[in-house]
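Student:
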Amino acid sequence: MNHKENNSNNNLEDSIEKLSKNLYLESPDLWIEFSGKVNDNIFDEMVLFFAIKYNYKSIVKHAISNNLIDLTAPSKNNAYPNIKEHLIFIAKQNKALDILNYLENPSSCDDINEDIVVKEINDSISNLNDNRENKYFPKYLCSYCKHNVFESGYRVSESVEYKYSLEEDKPIEISRELSNLIVCCNCNKDLKDVSIEGLNELCSIQNCTNCGSNLTVVGITDKSKMSFDSDLGKFSNISKSYHCSKCDREINEKQREFFNI
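Every position in the sequence shown, counted from 1, becomes a number in the numbering used here once 994 is added.
Written out as structure tokens, the structure is:
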């Protein structure tokens, strides 16, 4: 091993040790999970999320340069199309300049003009905030750390059932499904008051469940049901419902709460 490789490994080990201490202070449970992953050489989205949050570029570079993570794979955070876009957002959010530059240009040199990058980050964040003002962004706050899990991320485990096969002389998979356990990636606490389906519904709460139209664009119609009151000799309202103005499908209770109607 040459001198440069030795320094690189020492820097990685030092970064992992420091990040591990930070996570222990943040959450012992989170620290246990992180340590288990790193010991098994697993550098997944969760590990890189915290490496970026605490600005440890060597960890991110180690994972990417050694092909320990597929940045094009779907992100655990449904607000982003893939892991790379999620990590880029986290780098911008935490103003991790070197990491942002590396994520966007992994083959570029390490030396960057920080003044230029800071301006690009601020412009990007400004554009992001402008876009969010004009576009719905789902929101669900973790009851422990109060972070929006659609930004910080949430983790869902997969339950796999095996049985032993006499024909193949080994256990074989017979079923696979997502578990009901949802964990906030920011504080590593269980989200006990929401389901996977509930979080997915929040992502499309502005859209009609039947035709998919954006209700803020096509509009909502209200319908009143009336009955004849023989004592008063006239019709009176007995109920009101709200419908997509395009396909006439009634909106659900969560959408009524969201639109405050």
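Quick reminder that beta carbons are idealized off the backbone N, C-alpha and C, glycines included.
Would you mind working out which of Lys1055, Leu1081, His1056 sits nearest Ala1067, comparing C-alpha positions?
Tutor: Leu1081
Student: Check this for me: beta carbons of Ser1052 and Asn1016, under 8 Å apart or not?
Tutor: At least 8 Å separates the beta-carbon of Ser1052 from that of Asn1016.
Student: With a 10 Å radius around its C-beta and 16 neighbouring C-beta atoms as the bar for buried, classify Gly1030 as buried or exposed.
Tutor: By the Cβ neighbour-count rule, Gly1030 is exposed, with fewer than 16 other Cβ atoms within 10 Å of its own.
Student: Val1054 and Leu1042 look like a contact to me (Cβ under 8 Å); what is the Cβ gap, rounded to whole Å?
Tutor: 6 Å
Student: What does DSSP give as the partner residue(s) for Arg1250 in the beta ladder?
Tutor: The partner list for Arg1250 (beta bridge, DSSP) is empty, contrary to what the question assumes.
Student: Name the two residues that bound the continuous beta strand (DSSP E) containing Phe1222.
Tutor: 1214-1223
Student: Just how far apart, CA to CA, sit Leu1193 and Tyr1134?
Tutor: 8 Å
Student: CB-CB under 6 Å to Lys1078, same chain, minus the five flanking residues each way: which ones, in chain order?
Tutor: Leu1065
Student: Below 8 Å CB to CB, which residues in the same chain sit around Asn1174 once its five sequence neighbours on both sides are set aside?
Tutor: Ser1189, Ile1190
Student: Buried or exposed, going by whether 16 or more other CB atoms sit within 10 Å of the CB of Ile1176?
Tutor: buried
Student: If you follow the alpha helix (DSSP H) that Asn1022 is in, where does it begin and where does it stop?
Tutor: The residue you asked about is not Asn; residue 1022 is Pro in the sequence shown. Unbroken alpha helix (DSSP H) run through Pro1022: 1022-1033.
Student: Does the distance from the C-beta atom of Asn1180 to that of Cys1136 stay below 8 Å?
Tutor: yes
Student: What did DSSP end up calling Asp1184 once you bin it into helix, strand or coil?
Tutor: In the structure shown, Asp1184 sits in a strand (DSSP, three-state: E or B).
Student: Applying the criterion that 16 or more other CB atoms from any shown protein chain within 10 Å of the CB defines a buried residue, is Leu1196 buried or exposed?
Tutor: buried
Student: Evaluate the contact criterion for the segment 1083-1092 versus the segment 1150-1166: three or more CB pairs, one atom per stretch, below 8 Å.
Tutor: no
Student: For the alpha helix (DSSP H) containing Glu1171, name the first residue and the last one.
Tutor: Segment 1164-1178 is the beta strand (DSSP E) holding Glu1171; no alpha helix (DSSP H) there.
Student: Could you check which residue in Gly1227, Ser1169, Asn1076, Arg1250 has the C-alpha nearest to that of Ser1235?
Tutor: Arg1250
Student: If we ignore side chains and look at the alpha-carbon of each, how far apart do Cys1205 and Ser1169 end up?
Tutor: When the Cα atoms are used, Cys1205 and Ser1169 turn out to be separated by approximately 33 Å.
Student: Could you tell me whether the Cβ of Tyr1158 comes closer than 8 Å to any Cβ of chain D?
Tutor: Of the protein chains in this structure there is only one, and it is not chain D.
Student: Cys1238 bridges to which residues according to DSSP?
Tutor: Ile1214
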